[in-house]
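Enquirer: Let me give you the structure first, and then I'll get to my questions.
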RNA sequence: UCCUCGGUAGCUCAAUUGGCAGAGCGGGUGGCUGUUAACCACUAGGCUGGGGGUUCAAGUCCCUCCCGAGGAGCCA
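In our numbering, the protein residues as written are 1 to 429.
Written out as structure tokens, the structure reads:
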């Protein structure tokens with residue numbers, strides 16, 4: 001009977017078959033200790049020369065790191081084995097031999113590992129991170145699906161920049177120019193006017209020449225958008241959503257967080273309500289702390305870290321100077337120099353994980369903004385239609401998946417939070 | 001684009017003031033019946049990123065180019 005390693009505890013005393021790869025090997029005289037992995041975990045298999053055929057003994061002896069094999073034997077409970085269970089091998093079958101596997105059980109540099117990302121994903125730390133990523137994705141989908149949101153995916157090809165500022169990847173589209181999307185938001189606005197509560201979840205692209213641990217050129221973003229929701233509503237949504245996602249990972253991926261040596265207590269503090277401060281209050285804190293922040297500009301990485309350090313859970317900063325936020329942000333009726341945007345900063349220096357706010361719902365205001373930003377009006381006619389035909393107040397946000405996973409995992413660089421990271425100087429493998 | 005740091009064996013790194021190119025891991029060979037990144041012995045392995053220069057002598061100093069890292073800007 002074929003079983004997976006994570007099912008071993010239910011098969012003590014039984015003869016089973018395990019199919020996997022050799023993770024590591026140790027030997028002592030006529031005894032071989034094979035550490036097997038099959039994607040669900042690691043298990044030690046012991047091969048005693050006295051218990052196996054001459055051929056199988058030769059196989060055990062010659063197995064190299066990452067050779068694939070099928071081992072048959074009896075599961076026993078043994079405190080000496082890592083994980084507590086081991087397989088007493090009766091027979092061994094080599095499936096595919098691995099020659100000179102480059103990633104040894106010692107340390108390697110980042111460049112070396114990234115060049116071999118297709119093999120690096122076989123290692124334990126990467127398993128843990130990628131499982132947390134998968135859990136976060138499934139928590140995000142469940143959160144919205146169970147609350148009446150409709151998945152409303154946005155196109156990847158767009159004819160124009162959503163927000164004039166950032167650089168887009170350009171591509172040829174049947175003789176015309178097209179760009180890879182940097183946000184699905186405008187399309188979500190159309191979606192929420194149709195289905196009330198919608199979200200999209202997919203890759204997004206930024207051609208920024210950013211070489212930092214917080215940036216990828218291709219990353220995943222989830223973007224909910226809700227009709228008849230104001231800024232307070234979207235802040236409530238963002239904090240409730242973040243709390244749920246973190247709680248889900250704590251509940252189901254404790255093993256992985258342990259492998260990653262994540263400080264669990266810091267994640268357990270992620271409970272509503274999150275602190276909410278205005279841009280002006282944030283600016284006051286930065287002035288007190290003496291950073292070189294200049295009032296009226298956006299916060300730099302160091303500023304974000306200082307702000308996040310003031311709180312033990314994510315903090316939301318709202319009511320930004322209108323000039324530094326996107327054209328579609330609604331102005332604060334109480335102070336037209338402010339826009340009703342909100343950013344959420346993750347604790348522990350992980351930076352901005354959410355950006356969102358209330359959208360401009362007035363046709364006249366939006367026309368004015370498009371003109372002020374020198375945006376090509378013809379590409380925005382459909383967007384203006386949303387204000388012409390039954391406009392309503394509406395709000396939404398975007399959450400960066402990889403930054404969120406990096407924060408939850410407690411790893412410094414977001415490049416390990418996606419199977420194959422795309423960065424300024426890395427398009428392969 | 002700018003700033004800073006780096007490139008030496010397959011990998012991770014060392015090499016004093018400019019003075020014989022080294023170690024651990026990995027590979028190979030042998031040993032060991034309870035190993036835990038096992039251990040022990042032996043062994044192979046080098047155009048010190050490329051080019052130019054200074055010097056009796058360059059991994060080391062100078063110029064230049066290439067490659068990478070993470071920080072700024074910008075952002076999720």
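Beta carbons: idealized from backbone N, C-alpha and C, even for Gly.
Nothing here was measured: the structure is a model prediction, and the numbers come from that model.
Using 8 Å as the threshold, is the C-beta distance between residue 222 and residue 135 below it?
Expert: The sequence position of residue 222 within the first chain is 222, counting from 1. The sequence position of residue 135 within the first chain is 135, counting from 1. Result no, Cβ atoms of residue 222 and residue 135 do not sit closer than 8 Å.
Enquirer: What residue does the alpha helix (DSSP H) around residue 194 start on, and which one ends it?
Expert: Numbered from its first residue, the first chain carries residue 194 at position 194. Start and end: 185-195.
Enquirer: Can you give the Cα-Cα distance for residue 165 and residue 327, rounded to whole angstroms?
Expert: Position 165 of the first chain, counted from the first residue, corresponds to residue 165. Position 327 of the first chain, counted from the first residue, corresponds to residue 327. Reliability fails at residue 165, whose pLDDT of 47 lies under 50, so the model's placement of it is uncertain and the value that follows must be treated cautiously. For residue 165 and residue 327, the distance between alpha carbons rounds to 10 Å.
Enquirer: Please report the straight-line C-alpha distance between residue 186 and residue 226, rounded to a whole angstrom.
Expert: The residue labelled residue 186 in the question sits at position 186 within the first chain. The residue labelled residue 226 in the question sits at position 226 within the first chain. One C-alpha to the other measures close to 12 Å.
Enquirer: Any idea what DSSP makes of residue 25, helix, strand or coil?
Expert: Numbered from 1 along the first chain, position 25 holds the residue referred to as residue 25. Residue 25 falls in the strand class under three-state DSSP.
Enquirer: Could you tell me if residue 238 is buried or exposed, where buried requires 16 or more neighbouring beta carbons within 10 angstroms of its beta carbon?
Expert: Mapped onto the first chain, residue 238 falls at position 238. Counting Cβ neighbours within 10 Å, residue 238 comes out buried, since at least 16 surround it.
Enquirer: Please state whether DSSP places residue 279 in a helix, a strand or coil.
Expert: As a working mapping, residue 279 is identified with position 279 in the first chain. Reduced to three states, the DSSP call for residue 279 is helix.
Enquirer: Check whether the Cβ atoms of residue 244 and residue 350 sit closer than 8 Å, and answer yes or no.
Expert: If you number the first chain from 1, residue 244 lands on position 244. If you number the first chain from 1, residue 350 lands on position 350. Their beta carbons are not under 8 Å apart, which means residue 244 does not touch residue 350 by this criterion.
Enquirer: Give the DSSP-derived three-state secondary structure of residue 178 in the structure shown.
Expert: Your numbering for residue 178 matches position 178 in the first chain. Residue 178 falls in the strand class under three-state DSSP.
Enquirer: At which residues does the beta strand (DSSP E) containing residue 145 begin and terminate?
Expert: Translated into the one-based positions of the first chain, residue 145 becomes position 145. From DSSP, residue 145 is part of no beta strand (DSSP E) but of the alpha helix (DSSP H) over 124-145.
Enquirer: Could you check which residue in 14, 400 and 33 has the C-alpha nearest to that of residue 22?
Expert: As a first step, residue 22 is located in the first chain; it is residue number 22 there, counting from the start. Per the Cα distances, 33.
Enquirer: Identify the continuous alpha helix (DSSP H) that holds residue 370 and give its terminal residues.
Expert: Counting from 1 along the first chain, the entry for residue 370 is found at position 370. It spans 363-372 - the alpha helix (DSSP H) in which residue 370 sits, taken as one unbroken run.
Enquirer: Ordered along the chain, which non-local residues of its own chain (more than five positions away) have a Cβ less than 6 Å from that of residue 380?
Expert: Taking the first chain and counting its residues from 1, the one referred to as residue 380 is at position 380. Once the five neighbours on either side are set aside, the close Cβ partners of residue 380 are 370.
Enquirer: Just the C-alpha distance for residue 215 and residue 414, rounded to the nearest angstrom, thanks.
Expert: For the purposes of this step, residue 215 is taken as the residue at position 215 of the first chain. For the purposes of this step, residue 414 is taken as the residue at position 414 of the first chain. So the alpha carbons of these two residues sit roughly 7 Å apart.
Enquirer: Assess, as a yes-or-no matter, whether the segment 178-196 is touched by the segment 124-138 under the definition of 3 or more beta carbon pairs within less than 8 Å.
Expert: Short answer: they don't touch.
Enquirer: At the level of alpha carbons, what is the spacing between residue 57 and residue 49?
Expert: In the first chain, counting from the first residue as 1, residue 57 sits at position 57. In the first chain, counting from the first residue as 1, residue 49 sits at position 49. Using only the alpha carbons, I get a separation of about 6 Å.
Enquirer: Please check the pair residue 271 and residue 331, which I expect to be a contact at CB under 8 Å, by giving their CB distance rounded to whole angstroms.
Expert: For this step, residue 271 is matched to residue 271 along the first chain. For this step, residue 331 is matched to residue 331 along the first chain. Their Cβ separation, rounded to whole angstroms, is 32 Å, which puts residue 271 and residue 331 out of contact at 8 Å.
Enquirer: To which residues does DSSP link residue 397 through a beta bridge?
Expert: For the purposes of this step, residue 397 is taken as the residue at position 397 of the first chain. Partner(s): 356.
Enquirer: With 16 other CB atoms within 10 Å as the buried threshold, where does residue 197 fall?
Expert: Taking the first chain and counting its residues from 1, the one referred to as residue 197 is at position 197. It counts as buried.
Enquirer: Among the residues of its own chain, which have a CB less than 6 Å from the CB of residue 303, if the five just before and after it don't count?
Expert: As a position in the first chain, residue 303 is number 303, starting the count at 1. These residues qualify, in order along the chain: 286, 291 and 293.
Enquirer: Give the secondary structure of residue 375 by DSSP, where H, G and I count as helix, E and B as strand, and everything else as coil.
Expert: The residue given as residue 375 occupies position 375 in the first chain. Coil at residue 375, not helix or strand.
Enquirer: Based on Cα-Cα distance, which residue from 385, 116, 398 and 396 lies nearest to residue 364?
Expert: Sequence index remark: in the first chain, residue 364 carries index 364 (1-based). For residue 364, the nearest C-alpha among the options comes from 385.
Enquirer: Going by Cα to Cα distance, which pick from 344, 348 and 391 is closest to residue 366?
Expert: Here residue 366 corresponds to residue number 366 of the first chain, with the count starting at 1. Residue 366 has its Cα closest to that of 391, out of 344, 348 and 391.
Enquirer: Report the residue from 232, 299 and 193 whose alpha carbon sits nearest the alpha carbon of residue 149.
Expert: Numbered from 1 along the first chain, position 149 holds the residue referred to as residue 149. Answer by Cα proximity: 193.
Enquirer: Looking only at its chain, what residues have a beta carbon closer than 7 Å to the beta carbon of residue 191, apart from the 5 residues adjacent to it on each side?
Expert: The count along the first chain starts at 1 and reaches residue 191 at position 191. Around residue 191: 152, 198 and 225.
Enquirer: Using DSSP's beta-bridge definition, name the partner residues of residue 119.
Expert: What you label residue 119 is simply residue 119 of the first chain in a count that begins at 1. In the DSSP output, where bridge partners are listed per residue, residue 119 has none listed.
Enquirer: Quick check: the Cα distance between residue 419 and residue 121, rounded to an integer number of angstroms?
Expert: On the first chain, residue 419 is found 419 positions in, with the first residue counted as 1. On the first chain, residue 121 is found 121 positions in, with the first residue counted as 1. If you take the alpha carbons of residue 419 and residue 121, they lie about 7 Å apart.
Enquirer: What residue from 59, 15, 106 and 119 has the CA that sits closest to residue 73's CA?
Expert: Counting from one through the first chain, the residue named residue 73 turns up at place 73. Among 59, 15, 106 and 119, the Cα nearest to that of residue 73 is on 15.
Enquirer: For residue 353 and residue 308, I'd like the C-alpha separation in whole angstroms.
Expert: Indexing the first chain from 1 puts residue 353 at position 353. Indexing the first chain from 1 puts residue 308 at position 308. Each residue's alpha carbon lies about 12 Å from the other.
Enquirer: On the DSSP letters alone, give me the boundaries of the beta strand (DSSP E) that residue 47 sits inside.
Expert: Counting from one through the first chain, the residue named residue 47 turns up at place 47. Its beta strand (DSSP E) spans residues 42-48.
Enquirer: Tell me whether residue 114 is buried or exposed, calling it buried when 16 or more other Cβ atoms sit within 10 Å of its Cβ.
Expert: In the first chain, the residue the question calls residue 114 occupies position 114. The residue in question, residue 114, is buried, as its Cβ has 16 or more Cβ neighbours within 10 Å.
Enquirer: Return helix, strand or coil for residue 156, following the three-state DSSP convention.
Expert: Numbered from its first residue, the first chain carries residue 156 at position 156. Three-state DSSP puts residue 156 in coil, outside helix and strand.
Enquirer: In the DSSP assignment, find the beta strand (DSSP E) that holds residue 233 and state where it starts and stops.
Expert: Taking the first residue of the first chain as position 1, residue 233 is located at position 233. Segment 231-252 is the alpha helix (DSSP H) holding residue 233; no beta strand (DSSP E) there.
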